[in-house]
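A.B. asks: Residue numbers (my numbering): 3 to 336. The C-beta atom is built at its ideal place from N, Cα and C for all residues, glycine as well. Note that the coordinates shown come from a computational prediction; the quantities given were computed from them, not determined experimentally. The structure's right below; bear with me while I get my questions together.
Set out below in structure tokens:
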């Protein structure tokens, strides 16, 4: 079946059928619905090669993932795809198999990467589901490439919410379990989370929390750090705040094996709202990973419809975070 067949079936000319199938404006809702129904009934699929030849646009977006072994990047990619695919874009996922927190490139490396991907695959745009460290961090501490529009999370504000929540419950002996790994350059996000929690603790009049370096943001590191706390022979803190939910999963599992009740003996809190957090009954700070992808997809569509002079000063958007209270936190025992 060809575009001419679809146009004939819908009773329109080829130009109108083409605009409707590509999601372009200038086609009435009723006409568009009739064209889409005709295309479906004829089992017609528009050729992206033909569209690229006729319009100069490939309608293809590459989503670059640092790793496929992360729920977070999968959620971001899924959210972006939910917006891009109905807008008639093809979406290709590219696994870079790099450090899962930052794409570690200098500006020259970024340009090489961009040239390689765009020239070989003909993408119109690349969406990085990650922070990018490119050697010239902005004065705000945001390491994202200076000429790339981006969506960022208010990590510091989210951790202030966490500190306030534990303070309101009455906790005064708190341990912060950091997620950064020694020797890596991905320190900005972790610093923001620690500083945000310390800010919140000071504002609430709490004693200075103890900050422990777990060595990474994984459940295994959470287990190891909690085992060290248990073996130290000191009284346990009444609350442990973890930089990630995955760290918190390791903490919860180790406490449970040791017979330490949560939250009766120790409250545990995370950051992320991992899909498993609800099943662990984990109190956390949600960064709405899926919504991040949706907003990134919308921003990308808007960007592709803009002229170059309109994107000379790219937007930098901080997304809202949210406190999600579950049963892993409670008042400390008197």
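Under a Cβ-count criterion, where at least 16 other Cβ atoms within 10 Å of its own Cβ denotes burial, should residue 145 be classed as buried or exposed?
C.D. replies: Low confidence applies here, because residue 145 scores a pLDDT of 44, under 50, leaving its location unreliable; read the following figure in that light. Answer is buried; the Cβ neighbour count reaches 16.
A.B. asks: Determine the contact status of residue 16 and residue 5, defining contact as a CB-CB distance below 7 Å.
C.D. replies: Going by C-beta atoms, residue 16 is nearer than 7 Å to residue 5.
A.B. asks: At what residues does the beta strand (DSSP E) containing residue 97 begin and finish?
C.D. replies: Its beta strand (DSSP E) spans residues 92-97.
A.B. asks: Assign residue 287 to one of three DSSP states: helix, strand, or coil.
C.D. replies: Three-state result, residue 287: strand.
A.B. asks: In this structure, what does DSSP give as the bridge partners for residue 267?
C.D. replies: Note: residue 267 sits in no beta bridge, so no partner.
A.B. asks: Beta-carbon within less than 7 Å of residue 40's beta-carbon, same chain only, minus the 5 sequence neighbours each way: which residues are those?
C.D. replies: Same-chain partners within the cutoff: 8, 11, 12.
A.B. asks: Here's the rule I'm using: 16 or more other beta-carbon atoms within 10 Å means buried, otherwise exposed. How should residue 70 be labelled?
C.D. replies: It counts as exposed.
A.B. asks: Indicate the three-state DSSP secondary structure (helix, strand or coil) for residue 130 in the structure shown.
C.D. replies: The answer is strand: DSSP assigns residue 130 an E or B state.
A.B. asks: Below 7 Å between beta carbons: does that hold for residue 229 and residue 256?
C.D. replies: It is a contact, given that the beta carbons lie within the stated cut-off.
A.B. asks: Cβ of residue 65 within 7 Å of Cβ of residue 79?
C.D. replies: Yes, Cβ-Cβ distance for residue 65 and residue 79 is below 7 Å.
A.B. asks: Tell me whether residue 22 sits in a helix, a strand or coil according to DSSP, three-state version.
C.D. replies: Three-state result, residue 22: helix.
A.B. asks: Tell me whether the segment 286-297 and the segment 258-276 touch, counting them as touching only if at least three CB pairs, one residue from each stretch, are closer than 8 Å.
C.D. replies: Short answer: they touch.
A.B. asks: Pull up the CB-CB distance for residue 250 and residue 202, whole angstroms please, since I reckon it's below 8 Å.
C.D. replies: About 18 Å; that fails the 8 Å criterion.
A.B. asks: Would a C-beta distance cut-off of 7 Å place residue 167 and residue 241 closer than the cut-off?
C.D. replies: No.
A.B. asks: So, is the C-beta of residue 325 closer than 7 Å to a C-beta in chain D?
C.D. replies: No chain D appears in this structure, which consists of one protein chain only.
A.B. asks: What does residue 86 pair with, by DSSP beta-bridge criteria?
C.D. replies: Bridge partners of residue 86: none, in fact.
A.B. asks: Quick check: what's the CA-CA separation for residue 260 versus residue 210?
C.D. replies: Distance between the alpha carbons of residue 260 and residue 210: 27 Å.
A.B. asks: Under three-state DSSP, which class holds residue 213?
C.D. replies: Three-state DSSP puts residue 213 in a strand.
A.B. asks: Rounded C-beta distance between residue 243 and residue 178? I'm assuming under 8 Å.
C.D. replies: Between residue 178 and residue 243 the Cβ distance is about 5 Å, and since that is below 8 Å, they are a contact.
A.B. asks: Name the DSSP bridge partner or partners of residue 244?
C.D. replies: According to DSSP, residue 244 bridges with 179.
A.B. asks: Rounded to whole angstroms, what is the Cα-Cα separation between residue 323 and residue 155?
C.D. replies: Approximately 7 Å, taken between the alpha carbons.
A.B. asks: Find the nearest neighbour of residue 301 within the set 236, 153, 126, judged by alpha-carbon distance.
C.D. replies: Among 236, 153, 126, the Cα nearest to that of residue 301 belongs to 153.
A.B. asks: So residue 296 and residue 84 are supposed to be a Cβ contact under 8 Å. How far apart are they, rounded?
C.D. replies: Going by Cβ atoms, the distance from residue 296 to residue 84 rounds to 6 Å, so yes, they are a contact pair.
A.B. asks: Whose CA, out of 169, 298, 307, lies closest to the CA of residue 332?
C.D. replies: Among 169, 298, 307, the Cα nearest to that of residue 332 is on 169.
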